[in-house]
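One structure below.
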Amino acid sequence: MIPTKNRALLHAAMPCFCFLLFTLIFAASCPAGGVKKPILQKIDSLIANGGYMVGPEDHPLAAKNAHTFFVPASTLKIVTSLGALHILGEDFHFRTEFYLAGNSDLYIKGYGDPFLTSEEIAVILQTLQQQGVGTINNIFLDADAFQLEHQADGRSETLNPYDAANSALAANFNTINFRKGTDGTISSAEAQTPTLPIMLRLGKNLPAGTHRINLTNDHQDILIHTGELFRGLQKRLGIKGRGVITGKTVPGEAKLILTHTSSQPLEQVIAGLLRFSNNFIANQLFLSCGAKEKGYPATWQKSRDVFRNFLASFGLNEQQIVMVEGSGLSRNDLITPATMVKILQAFRPYAHLLHMDKGRLIKSGTLTGVYCYAGYFPRGEDKIPFVVMLNQPKNLRDQVVNLLEKLSNTP
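Oh and the sequence shown: position 286 is 991 in this note's numbering, straight run, nothing missing.
Structure (structure tokens):
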């Protein structure tokens, strides 16, 4: 028998217990959509022109304008990366060929290696030394492996590094990095790179400070820069010789003395591409894919055709994705959110190549009026794909992706 005092307490508490029980039963009986609806409404309020998808393409957790074309900006680099891994192969390494002819003249033939850096060139010259090359006189540069109809669609004629032009033979991402003192003196801003004549020439009219600029105003500068870098590092290593530096096709009588294989495996190239969103690397890969399937010289049209065929193998057509180049610079590149999620599902084995930010594996894409994200929300062993594509004046992608992540965590 319950004591009188306890009966009174129980009687007083009964309405609270009943209310709590009713609340729990009601919450359990509510569909998930009831909880998610306010989140979806908030997301929709942020989007003037755009779309998104989170979750698998065939049964997404949420989506808006999933089959509408949007400009993807640099999120397109995920498509380029996936294509390169399939077309070139995971074990692919870029190559550069070296020939000797005449009076110790060195011919350098490029095939688009985007990581032909000062450090890599020093290794090449050391290898040539070990093979008995003690003198290099004229340096001739052969970039015939790329015959581009035009530069990348969307690229501007600026000195910005992200506008660097593509070429079969280019060094240091087709950029130079130098310091200019208040007294006008110019020197390399990198210990591994000598001060080059082209730095003095192009830095002459720039203000004091540190400058990293691309070499696009004159295509010959791309080759001259590469040759001057070889010459400068040649001197550092004590290799004798002097002569002209100019573009020239490798003659038939020249002797192949070295085929240099890049130290960078393809996955490492792609990790750098995605981490730093490097447009130059993206299109070097895009063009190389076209040449791999259709033969050299590389052209934009060959690469477009090859990527069209590659995407068709995933059941994708030009109503779902249009690629005119590989970096996302062009506003003629178009993709639907559903297509990007399909690409992300195929890219899942390589998801680790994306940059981790705030617990997300993510790639951003930005142009004026274009603000995009694509990537994954890690969930234990799983990775939930997501894409946000805003083609509107206001950049609200961070708010949208935060809400999508909240949505993906909602039971």
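Glycine residues also receive a C-beta, built at the ideal position from the N, C-alpha and C atoms.
By a C-beta neighbour count over all protein chains shown, 10 Å radius and 16 as the cutoff for buried, is phenylalanine 935 buried or exposed?
buried
How far does the beta strand (DSSP E) with threonine 785 in it reach, from first residue to last?
Element bounds for threonine 785: not the beta strand (DSSP E) but the alpha helix (DSSP H), 781-792.
By a C-beta neighbour count over all protein chains shown, 10 Å radius and 16 as the cutoff for buried, is glutamine 969 buried or exposed?
buried
CA nearest to the CA of threonine 887, picked from Leu907, Leu901, Leu911
Per the Cα distances, Leu911.
State whether the segment 771-788 contacts the segment 1024-1044, with contact taken as three or more CB pairs (one from each stretch) at a distance under 8 Å.
yes
Going straight from the alpha carbon of methionine 1094 to that of lysine 747, what length do you get?
Taking the straight line from one Cα to the other gives about 16 Å.
Please report the residue range of the beta strand (DSSP E) in which alanine 806 lies.
800-806
Considering only residues of the segment 841-929, which uninterrupted alpha helix (DSSP H) runs meet the minimum length of 4 residues and lie entirely inside it, listed in chain order?
902-908
Where threonine 840 and proline 761 are concerned, what is the direct C-alpha to C-alpha distance, given to the nearest angstrom?
60 Å
What residue does the beta strand (DSSP E) around isoleucine 752 start on, and which one ends it?
No beta strand (DSSP E) contains isoleucine 752, which DSSP labels as neither H nor E.
8 Å Cβ cutoff met for leucine 846 and glycine 957
no
Cβ neighbours of lysine 1099 in the same chain (closer than 6 Å, five flanking residues each side left out):
none
Isoleucine 813 and threonine 822 - do their beta-carbons sit closer together than 8 Å?
Pairing threonine 822 with isoleucine 813 gives a Cβ-Cβ distance that is not under 8 Å.
Just mark asparagine 1096 as buried or exposed, buried being the case when its beta carbon has 16 or more other beta carbons within 10 Å.
buried
Threonine 822 (DSSP reduced to helix, strand or coil):
coil
In chain order, what residues of the same chain have a beta carbon less than 8 Å from the beta carbon of glutamine 856, not counting five sequence neighbours either side?
Ala870, Asn871, Thr921
Tell whether a beta-carbon distance below 8 Å holds between glycine 788 and phenylalanine 1012.
Yes. Within cutoff.
Residue closest to proline 753, alpha-carbon to alpha-carbon, out of Asn770, His764, Thr780
For the record, residue 753 in the displayed sequence is alanine; it is not proline. Among Asn770, His764, Thr780, the Cα nearest to that of alanine 753 is on Asn770.
List the DSSP bridge partners of lysine 1063.
Answer is none; lysine 1063 lacks a bridge partner.
DSSP puts tyrosine 1001 in a beta bridge; with which residues?
DSSP lists no partner for tyrosine 1001.
Local conformation of tyrosine 1055 per DSSP, three classes
helix
Same chain, Cβ closer than 7 Å to isoleucine 950, five either side skipped, listed in chain order:
Ile844, Ile929, Gly932, Glu933, Arg936
Do the segment 972-986 and the segment 1001-1021 touch if we need at least three Cβ pairs shorter than 8 Å?
no
For phenylalanine 797, report the span of its alpha helix (DSSP H) as first-last.
That residue, phenylalanine 797, is in no alpha helix (DSSP H); it is neither H nor E in DSSP.
How would you call glycine 1080, buried or exposed, if buried means at least 16 neighbouring beta carbons within 10 angstroms?
buried
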